[in-house]
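*Asks:* The sequence shown begins at 9 in the working numbering and counts up by one. Got a structure for you, questions after.
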Amino acid sequence: MKPKVYLDTDILMDYLYAREPFFKDSIEIVSLIESGKIKGYISSLIIRNLYYLLTKALGEKSGRDKIKKFRSLIDIIAIDGKIIDMGLNSKMKDFEDAIQYYAAKSEGVKYLVTRNKKDYLSEGLTVLTPKELLHTLKEIL
């Protein structure tokens, strides 16, 4: 069974904007998704945020095209009332991070990858930086 990996917004922005010094790790993760070695997930909230940020920076057509291309690689977890309620009642300080965390848990994701590990709980899934994820995957793939 392929490892399930949830990508936080910062990882996606590193990849889509080619942000240095983080681009190398983010593209490696996306390449593993493209090759089918891992299964990548984001939430419907993230895709909406990406659309806003990319179309603002690149214009409507270019932003939409980038999202369409990326969308073909990744599964999207719908945010429903149950996930919202868990986020609202969470011990996590950041509501958006809580939504991401509970979305990942709802899909049985094993790894949540982010550069902001301290913002997430680690109950029921493993929260890793991109480098940590790549190291972990080299051991199991």
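Where a beta carbon is used, it is the ideal one built from N, C-alpha and C, also for glycine.
Secondary structure at Lys10, three-state DSSP: helix, strand or coil?
*Replies:* coil
*Asks:* Is the stretch 81–90 close to the stretch 47–58, with three or more CB pairs under 8 Å?
*Replies:* By the C-beta criterion, the stretch 81–90 is judged to be in contact with the stretch 47–58, since at least 3 inter-stretch pairs fall below 8 Å.
*Asks:* Within this structure, are the beta carbons of Tyr110 and Val13 separated by less than 7 Å?
*Replies:* No.
*Asks:* Whole-angstrom Cβ separation of Thr122 and Asn57, contact assumed at under 8 Å?
*Replies:* Wrong, their Cβ atoms sit about 14 Å apart, outside the cutoff.
*Asks:* Output the distance between the C-alpha atoms of Arg72 and Leu20, rounded to the nearest integer angstrom.
*Replies:* 15 Å
*Asks:* Taking a contact to mean a Cβ-Cβ separation below 7 Å, would you say Leu129 touches Lys113 in this structure?
*Replies:* no
*Asks:* Buried or exposed for Leu136, going by 16 or more other Cβ atoms inside 10 Å?
*Replies:* buried
*Asks:* Would you call the CB atoms of Asp127 and Asp93 closer than 7 Å?
*Replies:* no
*Asks:* Please go through the same chain and pick out, in chain order, the residues whose beta-carbon is closer than 6 Å to the beta-carbon of Pro11, but skip the five residues on each side of it.
*Replies:* Ile46 and Lys118
*Asks:* Hey, Ile75 and Leu62 are a contact pair by Cβ (cut 8 Å); roughly how many whole angstroms apart?
*Replies:* 6 Å
*Asks:* For Gly48, which residues does DSSP report across the bridge?
*Replies:* According to DSSP, which records beta bridges pairwise, Gly48 is partnered with Val13.
*Asks:* So with Cβ pairs under 7 Å, would you call Ser70 a contact of chain D?
*Replies:* The chain inventory of the structure shown lacks chain D, comprising one protein chain alone.
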